[in-house]
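The opening position of the sequence shown corresponds to residue 27 in my numbering, with each subsequent residue numbered one higher.
Just so it is clear, CB atoms sit at the ideal spot from N, CA and C, and this is done for glycine as well.
Predicted, not measured: the structure shown is a model, and the values here were computed from it.
Take a look at the structure set out below.
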Amino acid sequence: MIHITRKEHFNAAHRMYREEWSAEKNAEVFGKCANPNWHGHNYNLFVTVKGEITHATGYLIDLKELKEIINEYVIDKLDHKNLNLDVDFMKGKMASTELLTIEIFNQLKAPIEAYPGVFLHSVRLYETENNSAEYFGG
Numbered sequence: 027m028i029h030i031t032r033k034e035h036f037n038a039a040h041r042m043y044r045e046e047w048s049a050e051k052n053a054e055v056f057g058k059c060a061n062p063n064w065h066g067h068n069y070n071l072f073v074t075v076k077g078e079i080t081h082a083t084g085y086l087i088d089l090k091e092l093k094e095i096i097n098e099y100v101i102d103k104l105d106h107k108n109l110n111l112d113v114d115f116m117k118g119k120m121a122s123t124e125l126l127t128i129e130i131f132n133q134l135k136a137p138i139e140a141y142p143g144v145f146l147h148s149v150r151l152y153e154t155e156n157n158s159a160e161y162f163g164g
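Structure (C-alpha cells):
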C-alpha cells in the first residue's frame with residue numbers, strides 16, 4: 027500500500043465565540059480569537075490518500091485529478107471566505123481548526139473514494155506554522 031499526499035493552500039477568516047455567552051466570557055475562553063471583527067489565517071492543507079498502485083499507470087491516482095477534487099469540494103468553498111458565515115459545511119459549527127479538519131475530511135471522502143482502490147487516509151490542516159490538526163476518519 028502506498029500513501030500519496032497533496033498540499034493545497036487557502037486563506038480564510040473566522041471568529042471563535044458562542045452566541046449564548048457574554049462578550050466577557052467569550053474573551054475569557056477564546057482570547058483574541060473572539061475578536062468581533064474576525065481574524066484570518068493562511069491555512070495549509072495536506073490530503074493523504076492510500077491504496078495500491080495501478081501497474082498500467084504506475085500511480086495510485088492522477089494527482090491532477092486529486093487536485094481538482096480538493097479544489098472543487100474544499101478550496102473553492104473556503105478560500106477568502108469567512109468560515110462562520112460563508113461556508114455551507116461549517117454552518118452551525120464552531121470554526122475551530124479541529125472541526126474544520128473533520129468537515130474537510132467529510133467533504134473529500136466520497137469523491138476521492140469514488141476512484142476504485144483509492145481511500146482517503148487523512149487530512150492535516152495547519153492553521154499556523156506551529157499549530158495543526160489531523161483527522162483519520164471514524
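> Roughly how many whole angstroms lie between the Cα atoms of GLU45 and LEU86?
Replying inline: 45 Å
> So what's GLU91 in DSSP terms, helix, strand or just coil?
Replying inline: helix
> So LYS135 is in the alpha helix (DSSP H); what residue range does that whole segment cover?
Replying inline: 123-139
> Is DSSP giving ALA82 helix, strand or coil here?
Replying inline: In the structure shown, the three-state DSSP call for ALA82 is coil.
> Start and end of the alpha helix (DSSP H) containing GLU54?
Replying inline: 49-56
> Does the ligand ATP have a heavy atom nearer than 7 Å to the CB of ILE87?
Replying inline: As presented, the structure is devoid of all ligands, the ligand ATP included, so that no description of it is given.
> Quick one, which of ASP102, GLU160, ILE128 and GLU91 has its alpha-carbon nearest VAL144's?
Replying inline: Relative to the Cα of VAL144, the nearest Cα in the group ASP102, GLU160, ILE128 and GLU91 belongs to GLU91.
> Who are the near neighbours of VAL149 in its chain, counting only those whose CB is closer than 6 Å to its CB and skipping five residues on each side?
Replying inline: In its chain, beyond the 5 residues on either side, VAL73, THR127, ILE130, PHE131 and TYR161 have a beta carbon closer than 6 Å to the beta carbon of VAL149.
>> Suppose you measure from the CA of LEU125 to the CA of GLY118; what does that come to, to the nearest Å?
In response: 11 Å
> Secondary structure at TYR152, three-state DSSP: helix, strand or coil?
Replying inline: strand
>> Rounding to the nearest angstrom, what Cα-Cα distance links GLN133 and HIS147 in this structure?
In response: 13 Å
> Which one or two residues does DSSP pair with TYR161 in a beta bridge?
Replying inline: VAL149
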